[in-house]
Amino acid sequence: MTKNSFFAQKIISWYHQNKRDLPWRDTQNPYKIWLSEIILQQTRVAQGMPYYEKFIEHFPTVQELAMADEQTVLMLWQGLGYYSRARNLHAAAKYISDDLNGTFPNNYTEIKKLKGVGDYTAAAISSFAFDEVQAVVDGNVYRVLARFFGVEKDITSTEGKKEFRELAQKLINKKEPAIYNQSIMEFGALQCVPKNPNCKVCPLQQKCTAFEKNLIEKLPIKEKKTVVKDRFMHYFVFVTENKTNTEKKVLIRQRQEGDIWQGLNDFFVIEFLNKDKKNFEPIKELQIQLEKDGFNLELKITTKFKSIHESIIFKHQLSHRTLYAKFYTLEIKNTKEQNEFWNKLKKKYNLEEINWQKLDKIPKPVLITKYLDYLSSHLF
DNA sequence: AATACGGGGCT
DNA sequence: AGCCCAGTATT
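The numbering used here puts the first residue of the first sequence at -5, with every later residue one more than the last.
#1: Checking 9 Å against the spacing of the C-beta atoms, do Tyr322 and Val244 come in under that value?
#2: By the 10 Å Cβ neighbour count, where 16 or more other Cβ atoms means buried, how is Asp92 classified, buried or exposed?
#3: Which whole-angstrom value describes the C-beta separation of Val138 and Gly182, a residue pair presumed to lie in contact below a C-beta threshold of 8 Å?
#4: Please list the segments of the alpha helix (DSSP H) lying wholly inside the region 292 to 352, counting only runs of 4 or more residues, in order along the chain.
#5: Would you be able to state if there are at least three C-beta pairs under 8 Å between the region 82 to 102 and the region 110 to 129?
#6: Tell me the residue span of the beta strand (DSSP E) that contains Lys26.
#7: Give every residue of the same chain whose Cβ lies closer than 8 Å to the Cβ of Lys223, excluding the five residues on either side of it in the sequence, and list them in chain order.
#8: Let's see if you can read the secondary structure: which residues bound the beta strand (DSSP E) around Glu265?
#9: Which residues bound the beta strand (DSSP E) around Gln200?
#10: Determine the direct distance from the alpha carbon of Leu68 to that of Arg81, and round the result to whole angstroms.
#11: Answer yes or no: do Tyr136 and Pro214 have a C-beta to C-beta separation smaller than 9 Å?
#12: Please go through the region 65 to 126 and give each complete alpha helix (DSSP H) segment of 4 or more residues, from N-terminal end onward.
#13: Thinking just about the alpha-carbon of each residue, which of Met(-5), Lys219, Ala60, Tyr77 is nearest to the one in Gly257?
#14: If you draw a straight line from the alpha carbon of Ile348 to that of Phe261, how long is it in whole angstroms?
#15: In three-state DSSP terms, what is Ile215?
#16: Using the C-alpha atoms, what's the distance from Glu217 back to Glu343?
#17: Quickly, what does DSSP pair Asp367 with across the bridge? List them, please.
#18: In whole angstroms, what is the alpha-carbon distance linking Asn95 and Ser(-1)?
#19: Do the CB positions of Tyr46 and Leu59 come within less than 9 Å of each other?
#20: Taking only the alpha-carbon atoms, compute the straight-line gap between Ala40 and Lys286 and give it to the nearest angstrom.
#21: Kindly indicate which three-state DSSP category Met43 falls into: helix, strand or coil?
#22: What separation, rounded to the nearest whole angstrom, lies between the Cα atoms of Glu241 and Val131?
#23: Give the range of the alpha helix (DSSP H) segment to which Met179 is assigned.
#24: For His372, does the count of other Cβ atoms within 10 angstroms reach 16, so buried, or fall short, so exposed?
#25: Within 10 angstroms of its Cβ, does Arg234 collect 16 or more other Cβ (buried), or is it exposed?
#26: Using the beta-carbon count (16 or more within 10 Å), is His228 buried or exposed?
#27: I'd like to know whether the C-beta atoms of Ile302 and Leu324 end up nearer to each other than 9 Å.
#28: Could you check which residue in Leu161, Gln22, Lys219, Met43 has the C-alpha nearest to that of Ser121?
#29: Per DSSP, what are the beta-bridge partners of Gln248 in this structure?
#30: Within 10 angstroms of its Cβ, does Lys4 collect 16 or more other Cβ (buried), or is it exposed?
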């Protein structure tokens, strides 16, 4: 038996004995498979599962997803991260519904034309839903192949990616491509895990190059590490002075293109990139910022506020950024002049006025949710 | 080829 | 604190 056929046979038989029962595995419905694959990009099964269930419940078919508005889709995606996935998912649903007559594309090339679908996802959908012979290459596949075949190429290089892709395509079982693809990924997720894999019970051990050469901990080789930069954020939460949350209004801002959290909502913010401003005085800094933006202030800004509450510093870790955020809640008085100030702020910074309670109903970054949770447990 | 883009879990 | 996760799009 060749090493290649040994590999394919062993992982498929391992799969039949060890596979998890996952809701997107008992179907060939391309919509459900597509949805699961988008959710699972850079995301663990355990984290993605509840989101998959929610989406299927809200949008049983691609048409219903297409008819939703983007804020609703982002609301359901809230907390999962990489929000372009949700926006692309929605855009692709509209494309399928409007331009493809509601029929899901049925081959690799057409599937890859969907926004948010790259090599991996196109291979996954076309093999799982349409039995096309397209080998998937995801993080699991890199690890399993690198170890078993002893491939020491850098998986972050263009050349390395190409080599793994060709190897994967050579190994795929042409009779049952879907099962083969599921097998190698499940094997990587459960058996050939990144740290401390239990090679003692591995059915591939006797022919595994990395095991033989003691390279398990070294492979796969990943040269480029992501650089994490700091961001210091000072959030200004403008609220009206009404007593109850029902009447209280707050100014929010929908985040725009070219930055994190596009399409989600937060508040007016003053930011520093490299290092935070020492002794940041919120009212003073706000005034400086407003004047810089051509704001014509008739009054000393301090007279406009009934109260100011300063939060603790929230440290929020993203994969590529460390965020340090502080929130200043500014209660604006309910007088004619102060209302005018409120309206100018709204217009100048494209803010939206909503009831405080409505904050629950709009999509927000986890950082903002943490702050709101902190507020309700410490102040009210 | 390099960088941006989230959040959570595990070591 | 670092690494990884059923990666993709943009520059």
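For every residue, glycine included, the Cβ atom is placed at its ideal position computed from N, Cα and C. No experiment lies behind these values; they were computed from the predicted model shown.
Looking at the atomic coordinates:
#1: Stepping through the first sequence from its first residue, residue 322 is reached at position 328. Stepping through the first sequence from its first residue, residue 244 is reached at position 250. Not closer than 9 Å, so no.
#2: Here residue 92 refers to the residue found at position 98 of the first sequence. Taking all protein chains shown into account, Asp92 has fewer than 16 neighbouring C-beta atoms within 10 Å of its C-beta and is therefore exposed.
#3: Numbered from 1 along the first sequence, position 144 holds the residue referred to as residue 138. Numbered from 1 along the first sequence, position 188 holds the residue referred to as residue 182. Taking C-beta atoms under 8 Å as the contact rule, Val138 and Gly182 qualify, at a distance of about 5 Å.
#4: 330 to 342
#5: yes
#6: Locating residue 26 in the first sequence gives position 32, where the first residue counts as 1. Note, Lys26: premise wrong, no beta strand (DSSP E); alpha helix (DSSP H) at 24 to 33.
#7: As a first step, residue 223 is located in the first sequence; it is residue number 229 there, counting from the start. Cβ contact annotation for Lys223 (same chain, cutoff 8 Å, sequence separation greater than five): Leu267, His314, Arg315, Thr316, in chain order.
#8: Taking the first sequence and counting its residues from 1, the one referred to as residue 265 is at position 271. Its beta strand (DSSP E) spans residues 262 to 266.
#9: In the first sequence, the residue the question calls residue 200 occupies position 206. Here Gln200 belongs to no beta strand (DSSP E), and DSSP marks it neither H nor E.
#10: Sequence index remark: in the first sequence, residue 81 carries index 87 (1-based). Sequence index remark: in the first sequence, residue 68 carries index 74 (1-based). If I take the Cα positions, the gap works out to 7 Å.
#11: Translated into positions along the first sequence, residue 136 becomes position 142. Translated into positions along the first sequence, residue 214 becomes position 220. Contact flag set, yes.
#12: 78 to 92, 102 to 106, 113 to 124, all fully within the region 65 to 126.
#13: Position 263 of the first sequence holds residue 257. Each of Met(-5), Lys219, Ala60, Tyr77 was checked against the Cα of Gly257, and the nearest Cα belongs to Tyr77.
#14: Working through the first sequence from its first residue, we reach residue 348 at position 354. Working through the first sequence from its first residue, we reach residue 261 at position 267. About 12 Å.
#15: The residue you call residue 215 lines up with position 221 of the first sequence. Here Ile215 sits in strand by DSSP.
#16: On the first sequence, residue 343 is found 349 positions in, with the first residue counted as 1. On the first sequence, residue 217 is found 223 positions in, with the first residue counted as 1. Sequence inspection shows Tyr at residue 343; the Glu mentioned does not correspond to that position. Looking at the two C-alpha atoms, the distance is approximately 42 Å.
#17: Here the question's residue 367 lines up with position 373 in the first sequence. DSSP, once it has assigned bridges, lists no residue as partnering Asp367.
#18: What you label residue 95 is simply residue 101 of the first sequence in a count that begins at 1. What you label residue -1 is simply residue 5 of the first sequence in a count that begins at 1. Each residue's alpha carbon lies about 42 Å from the other.
#19: Here residue 46 refers to the residue found at position 52 when the first sequence is read from its first residue. Here residue 59 refers to the residue found at position 65 when the first sequence is read from its first residue. Their beta carbons are not under 9 Å apart, which means Tyr46 does not touch Leu59 by this criterion.
#20: Your numbering for residue 40 matches position 46 in the first sequence. Your numbering for residue 286 matches position 292 in the first sequence. Cα-Cα distance, rounded: 47 Å.
#21: Position 49 of the first sequence, counted from the first residue, corresponds to residue 43. If DSSP states are grouped into helix, strand and coil, Met43 belongs with the helices.
#22: Against the first sequence, residue 241 aligns to sequence position 247. Against the first sequence, residue 131 aligns to sequence position 137. Rounded to the nearest angstrom, the two C-alpha atoms are 53 Å apart.
#23: Walking along the first sequence from the start, residue 179 turns up at place 185. Start and end: 171 to 184.
#24: For this step, residue 372 is matched to residue 378 along the first sequence. So His372 ends up on the exposed side.
#25: The residue given as residue 234 occupies position 240 in the first sequence. Rather than Arg, the amino acid found at residue 234 in this sequence is Thr. It is buried - the Cβ of Thr234 has at least 16 other Cβ atoms within 10 Å.
#26: The residue labelled residue 228 in the question sits at position 234 within the first sequence. With 16 or more other Cβ atoms within 10 Å, it is buried.
#27: For the purposes of this step, residue 302 is identified with residue 308 of the first sequence, where counting begins at 1. For the purposes of this step, residue 324 is identified with residue 330 of the first sequence, where counting begins at 1. Yes.
#28: Reading the first sequence from its first residue, position 127 is the one you call residue 121. Checking every option, the nearest Cα to that of Ser121 belongs to Gln22.
#29: As a first step, residue 248 must be located in the first sequence, where it is residue number 254. Answer by DSSP bridge pairing, in chain order: Asn259.
#30: For this step, residue 4 is matched to residue 10 along the first sequence. Buried, by the Cβ-count rule.
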